[in-house]
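Number of protein chains: 2
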Amino acid sequence: MPDLILHDYAFSANCYKIRLAASLLGLTLKDRVEYDVLKGETRTPEYLSKVNANGRIPVLQIGDDTFLPESGAACHYLADGTDLIPTDRLQHAQVLQWMFFEQYSFEPYAGTLRFWLAKKGIETLTAEQKESIPEKRKQGEAALAIMDDHLSTRKFFVADKLTVADVALYAYAHVSPQGGFDLSKFPNVQAWCERITQQPGYIALD
Amino acid sequence: MPDLILHDYAFSANCYKIRLAASLLGLTLKDRVEYDVLKGETRTPEYLSKVNANGRIPVLQIGDDTFLPESGAACHYLADGTDLIPTDRLQHAQVLQWMFFEQYSFEPYAGTLRFWLAKKGIETLTAEQKESIPEKRKQGEAALAIMDDHLSTRKFFVADKLTVADVALYAYAHVSPQGGFDLSKFPNVQAWCERITQQPGYIALD
Numbered sequence: 001m002p003d004l005i006l007h008d009y010a011f012s013a014n015c016y017k018i019r020l021a022a023s024l025l026g027l028t029l030k031d032r033v034e035y036d037v038l039k040g041e042t043r044t045p046e047y048l049s050k051v052n053a054n055g056r057i058p059v060l061q062i063g064d065d066t067f068l069p070e071s072g073a074a075c076h077y078l079a080d081g082t083d084l085i086p087t088d089r090l091q092h093a094q095v096l097q098w099m100f101f102e103q104y105s106f107e108p109y110a111g112t113l114r115f116w117l118a119k120k121g122i123e124t125l126t127a128e129q130k131e132s133i134p135e136k137r138k139q140g141e142a143a144l145a146i147m148d149d150h151l152s153t154r155k156f157f158v159a160d161k162l163t164v165a166d167v168a169l170y171a172y173a174h175v176s177p178q179g180g181f182d183l184s185k186f187p188n189v190q191a192w193c194e195r196i197t198q199q200p201g202y203i204a205l206d
Numbered sequence: 001m002p003d004l005i006l007h008d009y010a011f012s013a014n015c016y017k018i019r020l021a022a023s024l025l026g027l028t029l030k031d032r033v034e035y036d037v038l039k040g041e042t043r044t045p046e047y048l049s050k051v052n053a054n055g056r057i058p059v060l061q062i063g064d065d066t067f068l069p070e071s072g073a074a075c076h077y078l079a080d081g082t083d084l085i086p087t088d089r090l091q092h093a094q095v096l097q098w099m100f101f102e103q104y105s106f107e108p109y110a111g112t113l114r115f116w117l118a119k120k121g122i123e124t125l126t127a128e129q130k131e132s133i134p135e136k137r138k139q140g141e142a143a144l145a146i147m148d149d150h151l152s153t154r155k156f157f158v159a160d161k162l163t164v165a166d167v168a169l170y171a172y173a174h175v176s177p178q179g180g181f182d183l184s185k186f187p188n189v190q191a192w193c194e195r196i197t198q199q200p201g202y203i204a205l206d
């Protein structure tokens, strides 16, 4: 494995996915380069030209010259060939199913509300942003309900063992109360979150 | 390969990704089951309990009892072990990078505007929806600009050959003019779209 450097924002649970996946796999990140997204540090000309043209964080740097954006892609790179990605064709696709679900149907709601309420502060939001909170709450709760129902008969999301799908979903689920979500409504999600913390190599979001 | 049934909505370019991937791979879908999302046919109790708890389309049914939601996961299932998914660890992750980019940074803008303007009709939109059009236009154009720049030195998105990343990005890119995007501003995207149509097994969105 080449040297790994994480272009990082400590608060971001998308960034945490990569730190958690690496730790669960026993991999050491050589460095973490911290950016303050509130100060626009991922939108500078240098960042856009060198690290990620999409201006987003995280990016996993692999060796000197390879930059891999998208948390799900970076987790897949780290976990490829390990127990965190099933070799079975259908199970591999199901892992990706939940990772796409997370990015499309959960993170835009749970992640945005956490960022707004726990980082920016509700007093900084525009009128439109404030008005959008109930709909984001509804969508985030709908995603948590789907996760809770799925976990009613399973210990983990796919193949009844820990995979990168769990890593991806855990990141924003376990801190969703910071965005105003009540996890006591989703007891299977709560129990699964507890289960994740008991995995060898688990690290908390710092 | 078990029998494949696509739970489908003909207008949806997310559904088209699966039809296109199957055709490029020479796979035959045994059946297409059509749903009218405007009539709520993917939100019925039966659909939610049997096909997809998330109430979304497409879903790839594999055999009698396995239902795989998320277009990217379904494309990965179909293409696993074929030339459309590189075996190289980094290239495989880069394919997923662009598929996550598509779902997070492109489809929510290009897909929504196409659905609103070409299917629902602008006269049916709420005031909030109409007000959100300029921002969605800006975000969609930003994604097209990133794609255009990436394609300035490449024929395809990853590994200089056709992969499921191209299938995923092509779906909404080639019909983005239906959502009011001007592809003449993105000549590398235009040339790449033309290149896709020349691939053996290509089928148009019907």
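Heads up: the sequence lines are chains A and B, in that order.
Sequential numbering of the first sequence, starting at 1, is according to UniProt numbering.
Sequential numbering of the second sequence, starting at 1, is according to UniProt numbering.
Virtual Cβ for every residue (Gly too), placed ideally from N, Cα, C.
Local Cβ density within 10 Å of residue i, reported as buried at 16 or more and exposed below that
i	result
PHE203(A)	The amino acid occupying residue 203(A) in the given sequence is Ile; Phe does not appear at that position. It counts as exposed.
MET1(B)	exposed
ILE122(A)	exposed
SER12(A)	buried
GLU107(B)	buried
GLY201(A)	exposed
PRO45(A)	exposed
PRO69(A)	buried
Within 7 angstroms, strictly: CB atoms of residue i and residue j
i	j	result
ALA22(A)	LEU78(A)	yes
ILE62(A)	TYR9(A)	no
LEU169(A)	PRO177(A)	no
PHE100(A)	GLN103(B)	yes
ALA171(B)	TYR16(B)	yes
ARG89(B)	ASP80(A)	yes
LEU6(B)	ILE18(B)	yes
residue 250(A)	ASN14(A)	Any property of residue 250(A) remains undetermined from this structure, which presents chain A solely from 1 to 206.
LEU162(A)	GLN198(A)	no
Close beta carbons around residue i, own chain, < 8 angstroms, minus the five adjacent residues each side
i	result
PHE181(A)	ALA110, LEU113, ARG137, GLY140, GLU141, LEU144
ARG195(B)	LYS155, PHE156
VAL189(B)	LEU144, MET147, ASP148, LEU151, ALA173, LEU183
LYS30(A)	ASP3, LEU4, ILE5
GLU41(A)	TYR35, TYR47
LYS50(A)	PHE67
LYS120(A)	LEU38
PHE186(B)	LEU144, ALA145, MET147, ASP148
GLU135(B)	none
LYS130(A)	ILE122
GLU128(A)	none
ALA191(B)	LEU151
Close-in-space but distant-in-sequence residues of the same chain around residue i (CB under 6 angstroms, 5 per side omitted)
i	result
ARG43(B)	GLY55
GLY179(A)	ALA110, LEU113, ARG114, LEU117
GLU32(A)	With the sequence shown as reference, residue 32(A) is identified as Arg, and Glu is not the correct amino acid for it. Correct list, in chain order: LEU6, ASP8.
ASN52(A)	VAL59, PRO69
CB-CB length for residue i against residue j, believed under 8 angstroms
i	j	result
TRP98(B)	VAL158(B)	7 angstroms
LEU60(B)	ALA74(B)	4 angstroms
THR66(B)	LEU25(B)	About 19 angstroms; that fails the 8 angstroms criterion.
LEU20(A)	VAL167(A)	5 angstroms
7 angstroms Cβ shell around residue i - same chain, five flanking residues per side excluded
i	result
HIS92(B)	ILE85, PRO86
ASP206(B)	ALA10
CYS193(B)	TYR170, ALA173, HIS174
ASP160(B)	ARG154
LEU125(A)	TRP116
ASP64(B)	none
Which runs of the alpha helix (DSSP H) fall wholly inside the stretch 64-144 of chain B and span at least 4 residues, in chain order?
71-79, 89-101
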